[in-house]
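Step one of this worksheet: look at the structure below.
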Amino acid sequence: MTAPEIYARKGQVPLVCLTAYTAPVAEILDEHCDVLLVGDSVGMVVHGLPSTIGVTMDMMILHAQAVMRGSDKAFVVVDMPFGSYEAGPEEAFHNAARLLKETGAQAVKIESGPTVHETVAYMVQRGIPVMGHVGLRPQAVNVDGGFKAKGRTESERKKVIQEALDTDAAGAFAIVVEGVAEDLAREITVLVKAPTIGIGASAGCDGQVLVTDDMLGLFDWSPKFVRRYADMRGAISKAAEDYAKDVRDRSFPAPQETYFAK
Numbered sequence: 669m670t671a672p673e674i675y676a677r678k679g680q681v682p683l684v685c686l687t688a689y690t691a692p693v694a695e696i697l698d699e700h701c702d703v704l705l706v707g708d709s710v711g712m713v714v715h716g717l718p719s720t721i722g723v724t725m726d727m728m729i730l731h732a733q734a735v736m737r738g739s740d741k742a743f744v745v746v747d748m749p750f751g752s753y754e755a756g757p758e759e760a761f762h763n764a765a766r767l768l769k770e771t772g773a774q775a776v777k778i779e780s781g782p783t784v785h786e787t788v789a790y791m792v793q794r795g796i797p798v799m800g801h802v803g804l805r806p807q808a809v810n811v812d813g814g815f816k817a818k819g820r821t822e823s824e825r826k827k828v829i830q831e832a833l834d835t836d837a838a839g840a841f842a843i844v845v846e847g848v849a850e851d852l853a854r855e856i857t858v859l860v861k862a863p864t865i866g867i868g869a870s871a872g873c874d875g876q877v878l879v880t881d882d883m884l885g886l887f888d889w890s891p892k893f894v895r896r897y898a899d900m901r902g903a904i905s906k907a908a909e910d911y912a913k914d915v916r917d918r919s920f921p922a923p924q925e926t927y928f929a930k
């Protein structure tokens, strides 16, 4: 997949996107997904951080390298972590170029804000495909006072729409729309030329993305917008329970799992 191919999917068969942070998971997801997102959600999902704020460039590079080793088909996008692009277009370009050079990924994603469209345009003009992100912005958790849905008031609605329009005009090849009212997500999808990828948004978006670990049921709690397609937490717990029992009653390892002298 390429950025132009993703862009051309506007209004076509919905884009399938999931997060990936490791080579084995990327390899499993690759044949089913159009886009694999190495999200800064890795900080919370893998490293146990309370938010994405503590994620570093080195963390994103490490996980993106792993995902690239497991992916052959899907288009791989890497989140730019908090603090790596907000200071201005030149610093953002430098950090984005480093991400792509050191990982081999095809694009970066940044969370949109009042001035971010200038950064998007700067990077796109210099050869870096950029995916935007409007609505609920996890990196803004300290400003917003938590993970809160966006666009429920008229003023907030206008702000989200404007950020989407600005990001689109700046040249983003796709835009993630997160945590907004269903009708707002549909309106944004109609207004922008780039395909929208919803998460907690609307089935009317041009694609959908979920955090894979949420979708697989690895946590006790998951957001309202997540549909659990498996209970991997329960399966892993049961496997560990069975293993512990076999170890304690000495039924593991059995002869078929043991080496013997000839």
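Following this note's numbering, the numbering of the sequence shown begins with 669 at its first residue and continues without gaps.
By construction, the Cβ of each residue, glycine as well, lies at the ideal position given by its N, Cα and C atoms.
A quick note: this is a predicted structure, and the numbers were derived from the prediction, not measured.
Here I696 carries a helix assignment [DSSP, helix/strand/coil]. For V858, the closest alpha carbon among the candidates F841, A832 and T880 is that of A832. Cβ-Cβ distances below 8 Å link V894 to L878, V879, D882 and M883 in the same chain, with the five nearest sequence neighbours on each side left out; the list follows chain order.
In the DSSP secondary-structure assignment, Q876 is bridged to V684 and G866. Ranked by how close their Cα comes to the Cα of M736, the residues D747, E695 and M748 have E695 in first place.
The beta carbons of T771 and G800 sit no closer together than 7 Å. Annotated three-state conformation of A773 is coil, per DSSP. Just so you know, the alpha carbons of H715 and P749 end up roughly 14 Å apart. Rounded to whole angstroms, the Cβ separation of G872 and A853 is 7 Å, and the two are in contact under 8 Å. For the pair D702 and L686, the CB atoms are not nearer than the 7 Å cut-off. CA-to-CA, the gap between R901 and D910 works out to about 14 Å.
For G800, DSSP records a beta bridge to I843.
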